[in-house]
Structure formats: C-alpha cells, structure tokens
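Here the working numbering is used: the first residue of the sequence shown is 26, the next is one more, and so on. Beta carbons are placed, not taken as given, at the ideal position from N, Cα and C, and that holds for glycine. Only one structure is covered here, and it is reproduced in the block below.
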Amino acid sequence: MKNTGSRIAVILAGGTGTRMGHKLPKQYIEVDGEPIIHYTLLPFIKSGLFENVVVCADDLWHDYILEHLPQNAETANRKISLTFSRPGETRQLTIFNALKKIKEEFPDCKEVLIHDAARPLVTIDLLSRCIEGLKETDGVLPVVKVKDTIYQSHDGKDIDSLLDRSTLYAGQSPESFKFLPYLHAHLESSEKELMKINGSSELAMLKGMKVGMIPGEEDNFKITTREDLERFKQFLESNR
C-alpha cells in the first residue's frame, strides 16, 4: 500500500487527562524519556502510509511535540508533514476542527484516519487494515469482543437487564473514513448534535454512512488510568 497525499492521519491530543490524576495531560507524560505521543506517532511515520499528519493539540504543546517527533534511523527516510489544528470542547468537535483544516489545506484528501494520542501501541498492521477496509465501505472501526458479562442499570443500583455478550464489541481507534462523506456528516449536524457524540463512528452511522468492523488488537488499549500507564511501561520493558 503506497504512501499517498490523499490520505491523512488525525491524532487527537487535546485531552486533559483528568482521570489519570496527573498534572500533565496523559499524552505528554514521559516514559523512558519520551512522551506517550512520541510512541503513538512512531508507527504512522514508519508505515510510509501517510505524507501528512494533523495533530489536534493546544498551542502550548506544539513546540514540545515537534521536539519529540521520532527521529531514529528507522524513520529518517520517511518524509512526513505535521500540521496542527485546535482542540474543540468535545472529542467530536475536535475532529470537526481537524476536518475543516484538512479541507482548507489538503483539498485532495480522499481518506482520513482518526486516532487517539493516548493509544501508543497501535501497529502498522492495524493502520493498513483500517485503510484497506475503505475499499469496501465508508468507514472502518477496529473492535474487540466483549469478554465480561454486561448488565444494564438505569439507576446504578439495581439490574434492569442482561445484555447479550455475543452481540457486543468494544470499539478502538484508529477509525478510518472516506473523507468527503465524513466531512458532510459533520456539516449536516448542529453543534448540539455533535456535542452528544461519543465515538467517531457513531456520527457516521447516524448520518447513513456504512461502517464496517475489523478485528482490533488487545494491546491497542487507551491510557486512561494509572493502571493503564503501568501496563504500557511493562509492555515497553518486556519488548526491549
């Protein structure tokens, strides 16, 4: 699969990391001398699948991100352009800002791939499969099967129902979309509607786009808690 300027990656790095209980947003916490976002960007650069990456981050962090771009021998021959867009009030509004930035600066974009900066263990194989899947559908969502029994409760006290685990999947990122239909899905939505969206693929589905599922990866977890951070550190330690 060739590098193409018509395919752009969006890295969401505007979160505050409040659930981590850390002074820094989680994507900027350093592990082995590098921030988490460094590890996240590494497969995007090494893959050769992207010429352009849009990072959604506050102005305060732009220089810091640029200073920590992967620069080792494995990535030295990969030419990639980094552009910044501003975070929004919610995740989906942040994505909308990135899409508008892409439309303005990269009008030939055909495919967009959206990834959380706090998922640093995404693999090149998963990136490739998210892109490959767009040949058959409007959007692609990597998922893993739900392993635990899931109960539903509307008051948080008593069980209302037991959900059928065989039909349940946990979504991951990256999520890939055909660019123009996904942009139009945002343009056709009010800010109030966008504020209610929890996952990138939710809006696509609501606006009539066909979103297919592909197998995700267990190690592609999102660093949200201190336990997640320790798990990431242990992964790096065991894979040195």
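- Restricted to the stretch 87-145, the beta strand (DSSP E) segments that are unbroken, complete and at least 3 residues in length are 106-110, 136-141, listed in chain order.
- Here I175 carries a coil assignment [DSSP, helix/strand/coil].
- Only buried fits G39, as 16 or more other CB atoms lie within 10 angstroms of its CB.
- Secondary structure at I149: helix, using DSSP grouped into helix, strand and coil.
- Here G58 is exposed. Its C-beta has fewer than 16 other C-beta atoms within 10 Å.
- The beta-carbon separation of H140 and S198, rounded to 5 angstroms, stays under the 8 angstroms limit for a contact.
- Comparing C-alpha distances from N245 to each of E157, F75, K125, F257 shows the shortest one belongs to F257.
- Sequence-distant Cβ neighbours of C134 in its own chain, meaning closer than 7 angstroms and more than five residues away, are S31, I33, I127, F204.
- Going by DSSP, P68 is part of the alpha helix (DSSP H) stretching over 61-72.
- Rounded to the nearest angstrom, the gap between the Cα atoms of L188 and T108 is 43 angstroms.
- For V147 against P68, the beta-carbon gap comes to about 6 angstroms, under 8 angstroms, which counts as contact.
- Looking at Q117, I61, Y64, the one whose alpha-carbon comes closest to that of E216 is Q117.
- The beta-bridge partner set that DSSP reports for A34 consists of V78, L138.
- I120 places its beta carbon less than 9 angstroms from that of S225.
- Between I105 and I62, the C-beta gap is not smaller than 9 angstroms, which leaves the two residues out of contact.
- If you draw a straight line from the Cα of I175 to the Cα of D88, it comes to about 43 angstroms.
- In the displayed model, E200 falls within a strand according to three-state DSSP.
- The beta carbons of T249 and A82 sit no closer together than 9 angstroms.
- Non-local beta-carbon contacts of L261 in its own chain, meaning distances under 7 angstroms to residues more than five positions away in sequence, involve V56, D57 in chain order.
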